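Enquirer: This structure is in structure tokens; I'll ask about it shortly.
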Amino acid sequence: MAQAPVWLTYGFTYLAAAVIAVPIARALGLGAIIGYLAAGIAIGPWGLALVSNVQDILHFAEFGVVLMLFLVGLELQPSRLWSLRRPIFGLGTAQMVGCAALLWAAAWAFGLPWRVGLVGALGLALSSTAIALQVIHERNLMRTDSGQKAFSILLFQDVAAIPILALLPLLGVAARAAELDHPHEVQELLLEAAKILGVVGAIVLGGRLALRPLLRWIAKSKTPEIFTATSLFLVVGIAMLMLSVGLSMALGAFLAGVLLADSEFRRELETDIEPFKGLLLGLFFIAVGMSIDFGVILRTPWGMLALLLGFLGIKALVIWTLARVTAMPYQERPVFTLLLAQGGEFAFVVFQAGAGFRAIPAEMASLLIGAVALSMLISPLLLVLLDRVLLKRFATLKTAPQAQEISEPQSAPVIIAGFGRYGQIVARMMLAQGVPATVLDHSVEMLEVAHTFGYRVFYGDATRVNLLRMAGAEHARILVVAVDAPEQSLKIVQLAKKHFPQLQIVARARRDALARAARSGRGACGTRGVRVQPAHRAHGAGAQWPVAARGRHLGRALPRAQHGAVQPHVRAPQRPRGHDRRRQAGPRPAGGADGQGAPGTPGRGGGWRRPAARGAPGTQGSITKEPVAPAYQALQALVSIADHRYPSTRRVREG
Numbered sequence: 002m003a004q005a006p007v008w009l010t011y012g013f014t015y016l017a018a019a020v021i022a023v024p025i026a027r028a029l030g031l032g033a034i035i036g037y038l039a040a041g042i043a044i045g046p047w048g049l050a051l052v053s054n055v056q057d058i059l060h061f062a063e064f065g066v067v068l069m070l071f072l073v074g075l076e077l078q079p080s081r082l083w084s085l086r087r088p089i090f091g092l093g094t095a096q097m098v099g100c101a102a103l104l105w106a107a108a109w110a111f112g113l114p115w116r117v118g119l120v121g122a123l124g125l126a127l128s129s130t131a132i133a134l135q136v137i138h139e140r141n142l143m144r145t146d147s148g149q150k151a152f153s154i155l156l157f158q159d160v161a162a163i164p165i166l167a168l169l170p171l172l173g174v175a176a177r178a179a180e181l182d183h184p185h186e187v188q189e190l191l192l193e194a195a196k197i198l199g200v201v202g203a204i205v206l207g208g209r210l211a212l213r214p215l216l217r218w219i220a221k222s223k224t225p226e227i228f229t230a231t232s233l234f235l236v237v238g239i240a241m242l243m244l245s246v247g248l249s250m251a252l253g254a255f256l257a258g259v260l261l262a263d264s265e266f267r268r269e270l271e272t273d274i275e276p277f278k279g280l281l282l283g284l285f286f287i288a289v290g291m292s293i294d295f296g297v298i299l300r301t302p303w304g305m306l307a308l309l310l311g312f313l314g315i316k317a318l319v320i321w322t323l324a325r326v327t328a329m330p331y332q333e334r335p336v337f338t339l340l341l342a343q344g345g346e347f348a349f350v351v352f353q354a355g356a357g358f359r360a361i362p363a364e365m366a367s368l369l370i371g372a373v374a375l376s377m378l379i380s381p382l383l384l385v386l387l388d389r390v391l392l393k394r395f396a397t398l399k400t401a402p403q404a405q406e407i408s409e410p411q412s413a414p415v416i417i418a419g420f421g422r423y424g425q426i427v428a429r430m431m432l433a434q435g436v437p438a439t440v441l442d443h444s445v446e447m448l449e450v451a452h453t454f455g456y457r458v459f460y461g462d463a464t465r466v467n468l469l470r471m472a473g474a475e476h477a478r479i480l481v482v483a484v485d486a487p488e489q490s491l492k493i494v495q496l497a498k499k500h501f502p503q504l505q506i507v508a509r510a511r512r513d514a515l516a517r518a519a520r521s522g523r524g525a526c527g528t529r530g531v532r533v534q535p536a537h538r539a540h541g542a543g544a545q546w547p548v549a550a551r552g553r554h555l556g557r558a559l560p561r562a563q564h565g566a567v568q569p570h571v572r573a574p575q576r577p578r579g580h581d582r583r584r585q586a587g588p589r590p591a592g593g594a595d596g597q598g599a600p601g602t603p604g605r606g607g608g609w610r611r612p613a614a615r616g617a618p619g620t621q622g623s624i625t626k627e628p629v630a631p632a633y634q635a636l637q638a639l640v641s642i643a644d645h646r647y648p649s650t651r652r653v654r655e656g
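According to this note's numbering, the residues represented by the sequence shown are 2 to 656, in order.
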């Protein structure tokens, strides 16, 4: 029997460990990260020893952190950072500086070198973004004072991790110079700093000039897999460039994300990168669990316990003080403290990189990684204990009256999928009624047009649930499906009804019998119940219904087609001119020479006659009404919904 390749065996082992450990951890309320860490410990050298080359796997799995920082950069728009400058840069700076200063002072008191103490203090001051955000979303804390302030601090820590990673090479150069008694320590430090600034400046300048044109050119090919490949190419390429000059790959990925944060391709990039980020980040935590050196922990168990309790106590003291100074409600302070007291996943990267640059000893890095991993293991347990013991005294968490949603606005009540002729008609109506709308399309040219009119635009395929969710479908009221392909329209409607049941869906429809007859030719019209003349005219209009959506203006087909009163705030369409009516009508039938032609056909002088009665579907008597009136009624219903949901909006009235 042939033996399976090593990479296949390792891949099966990782997947099996994750499939077993993560659901169990989530069922116990511990979170997915704890499950990944436990899986890594189980299959690592101190468990079943199913995997041996841990360091090689850890280097590969670091791309999960690289992709995570790329997505963090995509979220950090300059405008958003400026609007949240006070909670982010105020509380965030106070937490990082306070925790790092006290931890550094404690390290100095125990006789550690200042470089080792600085790296350890900066790494331990970071908190776990993944664990904290998961708890915030699971407990619906984002609208509480504690949830908002915790999110602000975590956001600042994500930003602060970048200069920390950039500082490690400088500390490594200083450490090596001190060991060798190098006389040119200052010159090397200056050269290293100049190299960092030069590479970062080149990436920023090149990104501003080249990234968006490249993505725009790739998007015009309308090949989704090539766009995904381009996204990965950008992240990996910039990471390799940073690594080639001795800098962190995560720093390059973060810069690439920030450069694309304001682009129209932002949500599509997030949708493409998210699956890879989740898989590689899970592999990273498995590798971290495998890399925990329990030998160091067992050799110094009391030292590990002192380190764990010491940094948890110092961080808890600083965070509780911040909660008290900012007048946070008392019952929210314990949750706020536990959300930020544990170590973070970026600490793994900081300590691993610090050991690689020789800024800290390898044994010290293993000890610090073990302490951070243990803190992440016990943090969910402490939160469960807090729920059962302390929070029983409080029925509910008070929501601060001044608290506002600090995440990115997802407030457009109308989402328009497709910005062709029909989508533009709906968008203009929404713009005239003062109702904000979000536009989804895979055409770069259409999105550029929509962006100039102030719509929120997202590039991508509307049949992807993640893109709909990122566009705000969970908070929207109305979804307008205005894409051209009928199969795509049906798929969007089915996905929206399944995943976003609160949406009211207004979908563009087709008259299948008329479209099939127009495509089949004259011989098949009779069997389908459609006269030759209407099918000929529909075929000339593109065999689409509503026919007017493929013509010049929707209003040219409405005056004689729609029945019933027009709402006063909707401007009535103008009557088409004679030559336009004759051009739309096509050849005049034999029965219409005396002005008494068949219902719905042009009579004498090109005038249109309203059908006497509505015919059966697919008959000649319904050609001027059936394909067009439902479209107009759908638009009227859309405006009525908007009027009912937003009665205070300004309306455009006739006259």
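Cβ atoms here follow ideal geometry from the backbone N, Cα and C, with glycine treated the same way.
Note that the structure is a prediction, hence the values are computed from the model and not measured.
1. Less than 8 angstroms between the CB atoms is what I'm expecting for ARG465 and THR272, so what's the real figure, rounded?
2. How is the beta strand (DSSP E) around GLN505 delimited, first residue to last?
3. Which of the three DSSP states is assigned to VAL482 in this structure?
4. So, LEU448 versus VAL436, is the Cβ gap smaller than 7 angstroms?
5. Grouping DSSP H, G and I as helix and E and B as strand, with all else coil, what is PHE152?
6. Relative to the C-alpha of ALA162, which candidate in PHE13, GLY41, SER222 and GLY355 has its C-alpha closest?
7. Can PHE312 be considered in contact with the ligand SAH, in the sense that its beta carbon sits closer than 6 angstroms to one or more heavy atoms?
8. State the CB to CB distance for the pair ALA133 and LEU155, rounded to an integer number of angstroms; the pair is presumed to be in contact (CB under 8 angstroms).
9. Rounded to whole angstroms, what's the CA-CA distance from LEU313 to PHE454? Just pull it up for me.
10. Go ahead and label ILE44 buried or exposed: buried means 16 or more other beta carbons lie within 10 angstroms of its beta carbon, across all protein chains shown.
11. Where do the N-terminal and C-terminal ends of the alpha helix (DSSP H) with ARG300 fall, by residue?
12. DSSP three-state label for ASP442, please.
13. DSSP on PHE111, reduced to helix/strand/coil?
14. Can you tell me which of PHE111, VAL336, MET430 and GLU226 puts its alpha carbon nearest to the alpha carbon of LEU386?
15. Three or more C-beta pairs closer than 8 angstroms, one from the stretch 416-428 and one from the stretch 222-241: is that the case here?
16. Measure the alpha-carbon distance for ALA342 versus ILE293 and round it to whole angstroms.
17. According to DSSP, is ARG465 part of a helix, a strand, or is it coil?
18. Taking the alpha carbon of ARG334 as the reference point, which residue from LEU384, ILE298 and MET377 has its own alpha carbon closest?
19. Touch check for the stretch 61-71 and the stretch 264-284: three-plus C-beta pairs under 8 angstroms?
20. Tell whether a beta-carbon distance below 7 angstroms holds between ARG116 and ALA366.
21. Distance, Cα to Cα, ILE493 vs LEU318?
22. Could you tell me the distance, in whole angstroms, from the CA atom of LEU29 to the CA atom of GLN495?
23. Applying the criterion that 16 or more other CB atoms from any shown protein chain within 10 Å of the CB defines a buried residue, is LYS221 buried or exposed?
24. Between the alpha carbons of ILE35 and MET377, how many angstroms are there, rounded?
25. What are the boundary residues of the beta strand (DSSP E) that includes TYR460?
26. Thinking C-alpha only, which one of SER153, GLN332, ALA307 and ALA510 is nearest ARG86?
27. Round the Cβ separation of LEU49 and VAL120 to the nearest angstrom and send it over; I've been treating them as touching at under 8 angstroms.
28. Could you check the C-alpha separation between ALA122 and ALA108 for me, to the nearest Å?
29. Let's see if you can read the secondary structure: which residues bound the beta strand (DSSP E) around VAL415?
30. Measure the alpha-carbon distance for TRP105 versus ILE315 and round it to whole angstroms.
31. Quick one: residues in its chain with C-beta nearer than 7 angstroms to the C-beta of ALA363, no 5 flanking neighbours on either side, listed in chain order?
32. Have a look at MET97, GLU226, SER490 and PHE347 and flag the residue whose alpha-carbon is nearest the alpha-carbon of VAL73.
33. Reducing DSSP to helix, strand and coil, say where PRO437 ends up.
34. Checking 7 angstroms against the spacing of the C-beta atoms, do ILE416 and ALA472 come in under that value?
35. If distances are taken between C-alpha atoms only, which option among VAL481, ILE165 and ALA211 comes closest to VAL350?
36. Taking the alpha carbon of LEU70 as the reference point, which residue from LEU261, VAL98 and GLY311 has its own alpha carbon closest?
Expert: The structure says:
1. 6 angstroms
2. 505-508
3. strand
4. no
5. helix
6. GLY355
7. The model depicted lacks the ligand SAH and carries no ligand whatsoever.
8. 6 angstroms
9. 51 angstroms
10. buried
11. 295-300
12. strand
13. coil
14. VAL336
15. no
16. 20 angstroms
17. coil
18. LEU384
19. yes
20. no
21. 51 angstroms
22. 34 angstroms
23. exposed
24. 7 angstroms
25. 457-460
26. SER153
27. Actually they are not in contact, since the Cβ atoms of LEU49 and VAL120 sit about 33 angstroms apart, beyond 8 angstroms.
28. 8 angstroms
29. 415-418
30. 11 angstroms
31. ALA356
32. PHE347
33. coil
34. yes
35. ILE165
36. LEU261
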